[in-house]
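Counting in my numbering, the sequence shown runs from 11 upward without gaps.
Virtual Cβ for every residue (Gly too), placed ideally from N, Cα, C.
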Amino acid sequence: MSKSRLGWALVVLVFAIAFLGYDWFRLSSLSSYRYSGQGWKFPTRVYADWLELRAGMPLEVSDLRQVLDAARYRRTTGKPYAPGQYRMRGSIFEVYLRPFIYPDRAEPGAATLVEIRDGSVASIGNGFTQTTPRGLLRVDPQLLAEFSDQERERRSFTPLAAIPRHVALAAVASEDRRFFRHMGLDLLGIGRATARNVRAGSLVEGGSTISQQLAKNVFLSRKRTFTRKLHEALLAVLIELRYSKEQILEFYLNQIYLGQRGSWSVCGVEEGALYYFNKHASELTLGEGALLAGIIPSPNRMSPYHDADFAIARRNEVLQDMVECGFISKVEAQRARKTPLRFAPNPAPLTRAPYFVDYVREGLSKDISERDLSTRGLRVFTTLDPRLEDAAERFVREGAHDADGRSPVSGAGRDPAQAALLAIEPQNGAIRAMVGGRDYR
Numbered sequence: 011m012s013k014s015r016l017g018w019a020l021v022v023l024v025f026a027i028a029f030l031g032y033d034w035f036r037l038s039s040l041s042s043y044r045y046s047g048q049g050w051k052f053p054t055r056v057y058a059d060w061l062e063l064r065a066g067m068p069l070e071v072s073d074l075r076q077v078l079d080a081a082r083y084r085r086t087t088g089k090p091y092a093p094g095q096y097r098m099r100g101s102i103f104e105v106y107l108r109p110f111i112y113p114d115r116a117e118p119g120a121a122t123l124v125e126i127r128d129g130s131v132a133s134i135g136n137g138f139t140q141t142t143p144r145g146l147l148r149v150d151p152q153l154l155a156e157f158s159d160q161e162r163e164r165r166s167f168t169p170l171a172a173i174p175r176h177v178a179l180a181a182v183a184s185e186d187r188r189f190f191r192h193m194g195l196d197l198l199g200i201g202r203a204t205a206r207n208v209r210a211g212s213l214v215e216g217g218s219t220i221s222q223q224l225a226k227n228v229f230l231s232r233k234r235t236f237t238r239k240l241h242e243a244l245l246a247v248l249i250e251l252r253y254s255k256e257q258i259l260e261f262y263l264n265q266i267y268l269g270q271r272g273s274w275s276v277c278g279v280e281e282g283a284l285y286y287f288n289k290h291a292s293e294l295t296l297g298e299g300a301l302l303a304g305i306i307p308s309p310n311r312m313s314p315y316h317d318a319d320f321a322i323a324r325r326n327e328v329l330q331d332m333v334e335c336g337f338i339s340k341v342e343a344q345r346a347r348k349t350p351l352r353f354a355p356n357p358a359p360l361t362r363a364p365y366f367v368d369y370v371r372e373g374l375s376k377d378i379s380e381r382d383l384s385t386r387g388l389r390v391f392t393t394l395d396p397r398l399e400d401a402a403e404r405f406v407r408e409g410a411h412d413a414d415g416r417s418p419v420s421g422a423g424r425d426p427a428q429a430a431l432l433a434i435e436p437q438n439g440a441i442r443a444m445v446g447g448r449d450y451r
């Protein structure tokens, strides 16, 4: 080999090593993606005050029911069997609490029983049968608002250990059934996906592995070029060399795009579970997990809100994929097919108590940068009482409307009456409700 050729070969080798080294270094950022700033952006979440029950405190049956409903607990006719459910038997509540991290401590999910008698809490117990007395009970607080940047992504990082195994395996069966056997690339999977899509006449299965999808969605542009595809394949192999299968699956399940809620992108299984089923990812059933996995290729087109029959058909296909992969039995698949899916009703507004939320944001911005406030995934706990806030908003709206009717001034040019209400707890100055007018808009 001539000296010139050898020189060029060395130059190419140096560039190749530098290129690989740069990609290897970039992959280290995946480890920090659960935190903010260097990777995914997590909105700041603002919570209302939580309800803390003690025996003897005044509380009506309707009050507790309102709190549970607002906190997205689902009322069941049978005994609650999973976190986020409750049953009423007269004035007795069987509540399966969700785990939640409070500012002062972490509360595990637990079965609890609350009896209300004569307008007060008569007793609180652990368990639904043969209960033992419990000192107090906390119902996880209601989410009031989220602060995000212009990308407007709704995402909550959920460890793989908190995601039901059948949900993770549904994604594997649907998107990359040889995931546990390849090193980032799967030629057999590409051929199988191509044949299946041709038979279906539409895109029902992607040819890329989970590692390729992760590389494309996190590190690469959306341009469809041959060079980008080669880079995607290289990154997929490097991801497999650097991380375990469990870590890759955890990254993927928190990264996937699962639809659009207005101007917000729904990302990750936690937000997908909340959007489609009004429950947390840890509460998803086999059928629900299969549906989420089924819509990954095209979430908006396959969304149950767009075409429920198509979405259910995709769920059934994923269940069959799971059977073929040996992840579930035929009996489990058949049972999941027969179980009706209960989709969430029209989502609640993304912002509650808007005047109060503006007040909170203004206060936070004095000490926290706008970038950190929009991307660091902070949790802000406030003193707002959702029950008092609802009553205050109703009182202001109705009071202003009544004032309109009593006004001596009439005509199209008359400004509507306005009102405001601020409820403060005298013992400590805590703001319990805040309404700045009859209509925030």
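Where residue i sits in the DSSP three-state scheme
i: G194; result: coil
i: S254; result: coil
i: N326; result: helix
i: N288; result: coil
i: A181; result: helix
i: P426; result: coil
i: I306; result: coil
i: S167; result: According to the sequence as given, residue 167 is Phe; it is not Ser. Three-state DSSP puts F167 in coil, outside helix and strand.
i: R389; result: strand
i: R187; result: coil
i: R85; result: strand
Host alpha helix (DSSP H) of residue i (start-end)
i: N227; result: I220 to F229
i: R381; result: E380 to T385
i: R404; result: P396 to R416
i: F366; result: P364 to L374
i: R347; result: K340 to K348
i: R75; result: V71 to A80
Residues near residue i by beta carbon distance below 7 Å, same chain, minus five either side
i: P174; result: S292, L294 and G299
i: T320; result: For the sequence presented, residue 320 should be read as Phe rather than Thr. These residues qualify, in order along the chain: M312.
i: R115; result: none
i: S101; result: V71, E125, I126 and R127
i: Y45; result: Any reading at Y45 must be qualified, since the residue scores a pLDDT of 40, below 50, and its modelled position is unreliable; no value is offered.
Inter-residue CB distance, residue i and residue j (contact presumed, cutoff 8 Å)
i: L146; j: L63; result: 6 Å
i: P53; j: E156; result: 4 Å
i: F366; j: L394; result: 6 Å
i: L154; j: Y57; result: 6 Å
i: A402; j: A433; result: 6 Å
i: L230; j: Q265; result: 13 Å between Cβ atoms; not a contact.
i: V406; j: V370; result: Not confirmed; about 19 Å, so no contact.
i: T168; j: E342; result: No, T168 and E342 are not in contact; Cβ-Cβ is about 23 Å, not under 8 Å.
i: V149; j: A81; result: 6 Å
i: F110; j: A121; result: Rounded, the Cβ-Cβ distance is 15 Å, inconsistent with contact.
i: R108; j: R389; result: Their Cβ separation, rounded to whole angstroms, is 15 Å, which puts R108 and R389 out of contact at 8 Å.
i: T385; j: D59; result: Not really, about 26 Å apart at Cβ, beyond 8 Å.
i: V131; j: M67; result: 5 Å
Own chain partners of residue i with C-beta closer than 8 Å, once the 5 adjacent residues on each side are dropped
i: A413; result: A427 and A429
i: K340; result: V333
i: A183; result: A303, V328, D331, M332, E334, C335 and F337
i: E452; result: As shown, the chain starts at 11 and ends at 451. That puts residue 452 outside it, with no answer to give.
i: L259; result: L170, A178, A181, V182, F189 and I220
i: Y96; result: L78, Y83, R84, R85, T86, P90, F103, E104, V105 and Y106
i: E163; result: W50, K51, P53, W274, S275 and C277
i: L198; result: R188
Close beta carbons around residue i, own chain, < 6 Å, minus the five adjacent residues each side
i: Y315; result: none
i: K226; result: E242
i: S254; result: none
i: T349; result: G297
i: D400; result: none
i: N288; result: R82 and A354
The beta strand (DSSP E) enclosing residue i, as first and last residue numbers
i: L268; result: Y267 to R271
i: Q95; result: Q95 to R99
i: R64; result: L61 to R64
i: R442; result: I441 to V445
i: E156; result: L153 to F157
i: R55; result: T54 to Y57
i: C335; result: Element bounds for C335: n/a, residue is neither H nor E.
i: A433; result: L431 to I434
i: S275; result: W274 to C277
> Counting only runs that start and end within the segment 97 to 151, where is the beta strand (DSSP E) found for 3 or more residues in a row?
Replying inline: 102 to 107, 120 to 127, 130 to 136 and 146 to 149
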